[in-house]
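Inspection log for the structure reproduced underneath, given as structure tokens.
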Amino acid sequence: MKEIYFNHDGNIDDLVSYLLLLQAPDIKLIGVGAIDADGYVDPAVEVCRKMTDRFNLRGDQLEIAKSDSRAVNQFPEAWRKAAYSFNYLPLLNESGKMITKMAAKPAHLDMVEKILAAKQPVTLVMTGPLTDLARALDTNPQIADKIERLYWMGGSLDGHGNVVQVNVDGTQEWNAFWDPFAVDRVLKSNIPMQIIGLESSEELPLTDELRMHWASMRAHPAVDLVAQGYCLLVNPPIPSSQLYFWDVLTTISALYPEVVLATEKHRVKVITQGLAAGRMEDDPNGREITLVTKANKDLFFKKFDELLLRSK
Numbered sequence: 000m001k002e003i004y005f006n007h008d009g010n011i012d013d014l015v016s017y018l019l020l021l022q023a024p025d026i027k028l029i030g031v032g033a034i035d036a037d038g039y040v041d042p043a044v045e046v047c048r049k050m051t052d053r054f055n056l057r058g059d060q061l062e063i064a065k066s067d068s069r070a071v072n073q074f075p076e077a078w079r080k081a082a083y084s085f086n087y088l089p090l091l092n093e094s095g096k097m098i099t100k101m102a103a104k105p106a107h108l109d110m111v112e113k114i115l116a117a118k119q120p121v122t123l124v125m126t127g128p129l130t131d132l133a134r135a136l137d138t139n140p141q142i143a144d145k146i147e148r149l150y151w152m153g154g155s156l157d158g159h160g161n162v163v164q165v166n167v168d169g170t171q172e173w174n175a176f177w178d179p180f181a182v183d184r185v186l187k188s189n190i191p192m193q194i195i196g197l198e199s200s201e202e203l204p205l206t207d208e209l210r211m212h213w214a215s216m217r218a219h220p221a222v223d224l225v226a227q228g229y230c231l232l233v234n235p236p237i238p239s240s241q242l243y244f245w246d247v248l249t250t251i252s253a254l255y256p257e258v259v260l261a262t263e264k265h266r267v268k269v270i271t272q273g274l275a276a277g278r279m280e281d282d283p284n285g286r287e288i289t290l291v292t293k294a295n296k297d298l299f300f301k302k303f304d305e306l307l308l309r310s311k
């Protein structure tokens, strides 16, 4: 049985990923941390507490850790507000109370504590910046030996990014750009890394057809919550671009490795300064990572549905 620690940054895809982890069979979720990046951290923590109360099918003993890590480059405010909207959805507030508690320690220290206490090597799933992990490694480098694999949504190696602002060249992905120094720190560790980059899920778009599919199953509580959550994403991160299931693929690939059809080994580095800060690129002297290049679309959505339909 996998023991999983999940660290995320509080936007819709992250929160949906957490819901799927709460529903998944045959795993143990040992900890959860939220960082103040793509979604505001306070409502993101509250959402996780409420979802744990409502959807924790396995009954894992969980508390939600709030990160005190800070951005090198913060996400646009307009994107970050979705966490507030998700937190107000009626299904999450029906009981009128929150039972699941916040962790006593900030997320990077909670990560250290939970990983060291795990009974077996931990699967670490991160769908936001790597800062909490970088700080955890600085606090106690021994945790690297207790992490079986890191599944991270971040970076891009095909030359395109999703950061559009005046002080960058547009080649970087936002989770890496939020804190390039954290990416560099994690790349210097010996933790095996599987990366979902911007190019990894291009056959997995969010479509109107999929929204209608969820609408047809809204009698199931988890499906209804996901459908309402994605309704909050009206404007894509980049005008005229398509939204893809970057974070959800990261999570489902950690649960079901067979969803990944093809990967490539790369040796990479990250640029930390200048207009290209946050860009990951191939380097023969860099750190080896596994980049997902193709997913099984049918199996991905089959597993997505199966997990959502487990809710009561």
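For the record, in the sequence shown the residue sitting at position 19 is 18 according to numbering that gives the first Met the number 0, with numbers rising by one throughout. Each residue gets a CB set at the ideal place from its N, CA and C atoms; glycine is no exception. Every value quoted in this text rests on a predicted model; they were computed, and no experiment measured them.
- Within the stretch 192 to 277, the complete beta strand (DSSP E) runs of at least 3 residues fall at 192 to 195, 259 to 269.
- Thr206 sits exposed, since fewer than 16 C-beta atoms from the chains shown fall within 10 Å of its C-beta.
- Ranked by Cα distance from Glu287, the options Asn189, Met101, Glu201, Leu203 are led by Asn189.
- Taking a C-beta distance under 9 Å as the contact criterion, Phe85 and Leu14 qualify as a contact pair.
- In this chain, His159 is not harboured by any alpha helix (DSSP H), its DSSP state being neither H nor E.
- By the Cβ test, the stretch 146 to 162 is not in contact with the stretch 25 to 44, since fewer than three Cβ pairs between them sit closer than 8 Å.
- Ranked by Cα distance from Gly127, the options Tyr83, Gln22, Gly38 are led by Gly38.
- Within the DSSP secondary-structure output, Glu287 pairs in a beta bridge with Arg266.
- According to the DSSP assignment, Leu115 belongs to the alpha helix (DSSP H) that extends over 106 to 116.
- In the structure shown, Phe5 adopts extended strand secondary structure according to DSSP, grouped into three states.
- Ser310 is a Cβ neighbour of His219, given a cutoff of 9 Å.
- At the C-beta level, Trp151 and Val162 stay beyond 9 Å of one another.
- Asp297 sits exposed, since fewer than 16 C-beta atoms from the chains shown fall within 10 Å of its C-beta.
- Closest option to Asp157, judged by alpha-carbon separation, among Val167, Pro191, Val121, Glu201: Glu201.
- Ala43 places its beta carbon less than 9 Å from that of Ala82.
- Under the three-state reduction of DSSP output, Leu308 falls in the coil class, being neither helix nor strand.
- Here Arg148 is bridged, per DSSP, to Thr122.
- Take the alpha-carbon of Leu56 and the one of Val71: they are about 37 Å apart.
- In this structure, the straight-line span from the alpha carbon of Ile114 to that of Leu248 is close to 23 Å.
- In this structure, Ser66 places its C-beta atom within 9 Å of the C-beta atom of Val40.
- Under the DSSP definition of a beta bridge, Asp281 partners with Val267.
- By alpha-carbon distance to Arg48, the top candidate from Met101, Leu19, Gln60 is Met101.
- By the beta-carbon neighbour count (other beta carbons within 10 angstroms, threshold 16), Met211 is exposed.
- A buried status is given to His265, since no fewer than 16 other beta-carbon atoms sit within 10 Å of its beta-carbon.
- In the assembly as shown, Val165 is an exposed residue. Its beta-carbon has fewer than 16 other beta-carbons within 10 Å.
- Considering only Ala276, Trp78, Phe176, Met97, the residue with the shortest C-alpha distance to Leu61 is Met97.
- Taking the CA atoms as reference points, Thr271 sits about 20 Å from Pro75.
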